[in-house]
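Read through the structure below, which is laid out as structure tokens, and then see the notes.
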Amino acid sequence: MSVQVLAAKMAEVELKDVPGKELTPESPLTPKTDDKGIVENEPKATSATTPTMEPIVKTGDTSPGFLTPNTKMPQASAMKRTDPQQNGGEAFVNRDGTVAEAPRLKKIQFADQKQEFNKRPTKIGRRSLSRSISQSSTDSYGSAASYTDSSDDETSPRDKQQKNSKGNGDFCIKNIKQADFGRREIEIAEQEMPALMALRKRAQGEKPLAGAKVVGCTHITAQTAVLMETLTALGAQCRWAACNIYSTQNEVAAALAEGGFSVFAWKGESEDDFWWCIDRCVNLEGWQPNMLCPLFQILDDGGDLTHWIYKKYPNMFKKIKGIVEESVTGVHRLYQLSKAGKLCVPAMNVNDSVTKQKFDNLYCCRESILDGLKRTTDVMFGGKQVVVCGYGEVGKGCCAALKAMGSIVYVTEIDPICALQACMDGFRLVKLNEVIRQVDIVITCTGNKNVVVREYLDRMKNGCIVCNMGHSNTEIDVASLRTPELTWERVRSQVDHVIWPDGKRIVLLAEGRLLNLSCSTVPTFVLSITATTQALALIELYNAPEGRYKQDVYLLPKKMDEYVASLHLPTFDAHLTELSDEQAKYLGLNKNGPFKPNYYRY
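Residues in the sequence shown are numbered consecutively from 456, following the numbering used here.
Right, dumping it as structure tokens:
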């Protein structure tokens, strides 16, 4: 009699002797399934075709494992993958000669065991799978993310007739039903925007913007919503459009529309939609804007909110009291208009204020560059070679973050002062053509055009990631990639693979538009500083006596910068030191500020 037959018979005897153990025809070799779909007496086996699912934990199983202390694992030969229907359980002989029952293992039985990942998904399946992969990568903040999917409804918002709960339909957004989730996001943002909330409380008795009609063209996010609601609390009427076709948080736009705001924006607008939304903001019978709050967006050498009004409705400037601008690109355009004598109204340059340059541009980009890259590509930064084009405040933030994560960072720069800063910060200054073949990631943050041209794109290595942290979409020559010989493959929302005939591909993020607001989010607290600066600039221009500000571009007063900073200090439980009278006299300062001259560089 063979050893295997003897072992099997001994195992049968052992099972009969177990108290309370009833031997049935299907035991122990036939798998048993309980009412929860748990299959027992079956060896664990992984399969390449088994879908990845969250484990189901069986209630009541508190043991650290399924083996008793006296049971030993079978030899490796007994653990190879087998057909569970034929080998549901085995008996084996211990070293002391006794026969033990095979370990009772539990295996999760899925409802659909026929699903295989190597099968080509259908069109709907691809959409669902892509959505599950990129959900957290491309949508806005947590809880509402699953409700922001422009791909689920192909109907253009322009073709919809939507009204809020009060019957108002003066808006155009993706879906008004997302309002509840957007409201939650706005409430979360309010917790991180203490200065704007403080302005609301201080304005309860007075309305410094009473009568102001503000047209805004900025990123429509939860932070912008807090700003808009603050302006309304200060007495203003607001109409808003998006400055970027990918940065709108649909659920936030819905919450604003439900709250009575005239919002015209949705994620994934076409260029025609973009200008249509701006026109809807401006062109309303019986409503004349008197303040502009644009964030310039240049599309294919086009224009922005201010440019649109100049072009389509020039007579409006007769009643507009001022413009507040917060982007590098927009400020550049304002100075061009001023130099040409075409600037019709005073403009406040918020971008070059200390609170914008030293906080928003630096700290915001230092955190959001990593967030945007991680959400879209899941790239590991350690050891990656990265070139950052431009070493202004945005470039400084990007470089600092990437260096801290272990990346090898190169910098390109045209300004010798910024270049020297980069060198002394430990970065190697290069020309782009010197490193373009070897780098893994290319990041532009110059505010210029054609920084990365087709020649550089052709020479990049396979898999190189290309993205933009500057505001406009002109820094990367994306238009040169839309040629017949190149193939575009959309792998996630805002993530495209551009494939060359030889099989080489680059990873292009957000089609060359602003990475952090198109593909991820930005720190709310930092944006609180910028939004507060904007609000105070609007108040200053609107309430200034006639003649104080001429048709020129102005910087924010130093005293106002200091006030914005002081509103945010309590969050950190910070305590400022006060000058004594003697110290103030020695320095020639007012004890209450401003503490630095206008020419001081922080």
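Positions of the beta carbon are idealized from the N, C-alpha and C atoms, including for glycine.
Quick caveat, the model's predicted, so the values are computed rather than measured.
If you compare alpha carbons, which of the options is closest to residue i?
i     : options                      : result
S983  : M652, T610, N623 and I631    : M652
P1025 : E822, D815, F980 and R883    : F980
N928  : E609, V1008, I700 and I824   : I700
K776  : H1023, P1000, A859 and S717  : P1000
G837  : S862, T1032, A658 and C820   : S862
K773  : C820, A856 and C799          : C799
E781  : K904, V933, R694 and H674    : H674
K767  : N738, E661, I778 and L792    : N738
G796  : V1008, C900, G1043 and G958  : V1008
T985  : K904, K916, A688 and V779    : V779
W955  : D932, K1014 and K916         : K916
Q1006 : L686, S793 and Y765          : S793
F911  : G660, T687 and S935          : The sequence shown places Tyr at residue 911, rather than the Phe named in the question. Among G660, T687 and S935, the Cα nearest to that of Y911 belongs to S935.
L993  : F636, E645 and C693          : C693
R914  : E1017, Y865, R892 and M860   : R892
N1047 : M835, F882 and E1017         : E1017
K662  : N998, L1034, A1029 and L1042 : N998
M648  : P769, E706, Q678 and S725    : Q678
E726  : V718, K1014, Q704 and C698   : C698
Looking at the secondary structure, which residues open and close the alpha helix (DSSP H) in which residue i lies?
i     : result
R892  : That residue, R892, is in no alpha helix (DSSP H); it is neither H nor E in DSSP.
A856  : E848 to A859
Y875  : Here the sequence assigns Leu to residue 875, which means Tyr is not the residue at that position. First-last of the alpha helix (DSSP H) with L875: P871 to M879.
N971  : L970 to C974
Q1006 : Q1006 -> no alpha helix (DSSP H), and no H or E assigned at all.
Straight-line CA distance for residue i to residue j?
i     : j     : result
V843  : A1039 : 43 angstroms
A696  : D1036 : 50 angstroms
V669  : W943  : 40 angstroms
G785  : G671  : 13 angstroms
L996  : Y790  : 18 angstroms
V783  : D734  : 23 angstroms
F716  : F626  : 7 angstroms
P1049 : N804  : 19 angstroms
R960  : H952  : 6 angstroms
P616  : K632  : Residue identity check: residue 616 is Gln in the sequence provided, not Pro. Each residue's alpha carbon lies about 13 angstroms from the other.
Y1055 : L1010 : 13 angstroms
L963  : L884  : 24 angstroms
A856  : K1051 : 29 angstroms
R639  : L825  : 25 angstroms
K656  : L682  : 14 angstroms
R398  : K813  : Residue 398 lies beyond the residue range present for the chain, which begins at 456 and ends at 1057; the question has no answer from this structure.
F1027 : G622  : 43 angstroms
N971  : I643  : 19 angstroms
N1045 : K811  : 24 angstroms
G902  : I931  : 11 angstroms
D833  : L991  : 39 angstroms
Q876  : L1031 : 30 angstroms
E713  : G666  : 22 angstroms
K722  : C900  : 23 angstroms
G1043 : S823  : 41 angstroms
Assuming contact is defined by CB atoms lying nearer than 8 angstroms, are residue i and residue j in contact in what I supplied?
i     : j     : result
P801  : Y1004 : yes
A710  : A720  : no
V950  : T761  : no
V809  : V894  : no
A634  : L664  : no
V907  : V897  : yes
W742  : R613  : no
A448  : V1019 : In the structure displayed, the chain extends from 456 to 1057; residue 448 sits before or after that span and is not available.
G827  : S975  : yes
L1022 : T987  : yes
P978  : C819  : yes
K858  : V864  : yes
A680  : I641  : yes
How is the beta strand (DSSP E) around residue i delimited, first residue to last?
i     : result
M835  : Taken as a continuous stretch (DSSP letters only), M835 belongs to no beta strand (DSSP E), as it is neither H nor E.
G671  : K668 to T673
W695  : Q692 to A697
F636  : Note, F636: premise wrong, no beta strand (DSSP E); alpha helix (DSSP H) at A634 to E645.
W943  : T942 to R947
I994  : I994 -> not in any beta strand (DSSP E); alpha helix (DSSP H) instead, spanning T979 to N998.
A802  : A802 to N804
E1017 : Segment K1013 to H1023 is the alpha helix (DSSP H) holding E1017; no beta strand (DSSP E) there.
D951  : V950 to I954
S793  : No beta strand (DSSP E) contains S793, which is instead part of the alpha helix (DSSP H) from V783 to K794.
G865  : Residue identity differs from the one stated: residue 865 is Tyr in this sequence, not Gly. Unbroken beta strand (DSSP E) run through Y865: I863 to T867.
Query raised in the report: Between the region 840-849 and the region 861-874, do at least 3 Cβ pairs fall closer than 8 angstroms?
Result: yes
Query raised in the report: Would you call the region 933-941 and the region 879-889 touching, i.e. three or more CB-CB distances under 8 angstroms?
Result: no
**Report entry** At least three beta-carbon pairs within less than 8 angstroms, the region 966-975 to the region 915-931
**Finding:** yes
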